[in-house]
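If you read the sequence shown in our numbering, its first letter stands for residue 274, the second for the next number, and so on.
Contents: one structure, followed by commentary.
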Amino acid sequence: MARKKNARRADPVPKILFVSVMVALLAAAFGLGWHFGVESTRFKGNILLVNASHRLGADYVPDELVNLYQQRHSFRLASSEITLTRQTYAAMESMFHAAEEANMNGYIVTSGYRSYQRQQEVYAQSEPGKAQEPGASEHQTGLAFDVTVETGEGFENTPQYAWLMEHAHEYGFIQRYPANKADITGISYEPWHYRYVGVEAATRMYKTGLTLEEFLAANG
Ligand SMILES: [Zn+2]
């Protein structure tokens, strides 16, 4: 009788433990599945990766877009309609203000955030291979802008370009599509396209010469 009672008392404890562990494992598996299956298609750590194999949905609109024309700005604008995320604008404003202090003037921002729908139009109007498919454009993140100066020689041959190449990382920007990296980025040299990733990541990429794809593969 005593033995039977002891056995009954001993039995439920491991069962409860077993069930608890299984529930925890299942919850963890669902949590991990969500994290790696869904989130990682967009974010690596806290850095948003967008390219032909990491696309944004038609409904993806960044938070806190600000119209650059309505903000104080140390750069020229090709249009009064250009928007970027607030953080990206703040970083670029600091950067172009510093450029101005260094007597580097004449930057013209030509493009910023582009909606999925706008990218559809751009893609439809472009020659094959010249524009990204909707969802695959980094402009949909609101973290990237295109810049140039008034020149007949190509932006990459100007002192303003040289200044950006030397200093953009100090403000959290990378040149996203460097020369001779098209096999990795999928996009040929774009001296005008800059992407905000934060000062720490930008500085590490500047020092190592890695593209965003390579950097995230090594640090993701
Ligand atoms: Zn661009």
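Using N, Cα and C, we set each Cβ at its ideal position, and we do this for glycine too.
query, result
"Same chain, Cβ closer than 6 Å to Met368, five either side skipped, listed in chain order", "Tyr444"
"Close-in-space but distant-in-sequence residues of the same chain around Gly385 (CB under 6 Å, 5 per side omitted)", "Ile355, Thr356, Leu357, Phe418"
"Inter-residue Cα distance where the pair is Glu473 and Phe446", "10 Å"
"With 16 other Cβ atoms within 10 Å as the buried cut-off, status of Phe309", "Below a pLDDT of 50, predicted positions are generally treated as unreliable, and Phe309, at 44, falls in that range; the measurement from the model is reported next regardless. With fewer than 16 other Cβ atoms within 10 Å, it is exposed."
"Extent of the continuous beta strand (DSSP E) to which Gly412 belongs", "Per the sequence presented here, residue 412 reads as His, with Gly not at that position. From DSSP, His412 is part of no beta strand (DSSP E); its letter is neither H nor E."
"Beta bridge counterpart(s) of Thr358 as assigned by DSSP", "Leu338"
"8 Å contact criterion, which Thr458 and Val420 should meet: CB distance rounded", "At roughly 18 Å, the Cβ-Cβ gap does not stay under 8 Å, so Thr458 and Val420 are not in contact."
"Per-residue DSSP class, three states only, for Val382", "strand"
"Contact shell at 5 Å, judged by CB to any heavy atom of ligand 1, ordered along the chain", "Asp419, His466"
"Segment limits, beta strand (DSSP E) that includes Phe488", "No beta strand (DSSP E) holds Phe488; the alpha helix (DSSP H) holding it covers 485-492."
"Closer than 9 Å to chain C by CB, Asp332", "Judged by its chain identifiers, the structure shown contains no chain C, having just a single protein chain."
"Val420: first and last residue of the uninterrupted beta strand (DSSP E) it sits in", "417-421"
"Selected residue, minimal CA-CA separation from Gly321, among His466, Tyr362, Thr414", "A quick correction: the sequence has Leu, not Gly, at residue 321. It is Thr414."
"Exposure label - Ala397; buried when at least 16 CB within 10 Å", "exposed"
"Cβ shell of Glu429 (< 6 Å), same chain only, five flanking positions each side left out", "Pro464"
"His346 and Arg387 closer than 9 Å at C-beta", "no"
"Residue range of the alpha helix (DSSP H) that includes Ile447", "Where Ile447 is concerned, there is no enclosing alpha helix (DSSP H), although the beta strand (DSSP E) it sits in stretches over 446-448."
"Three-way DSSP call (helix, strand, coil) for Ile457 in this model", "helix"
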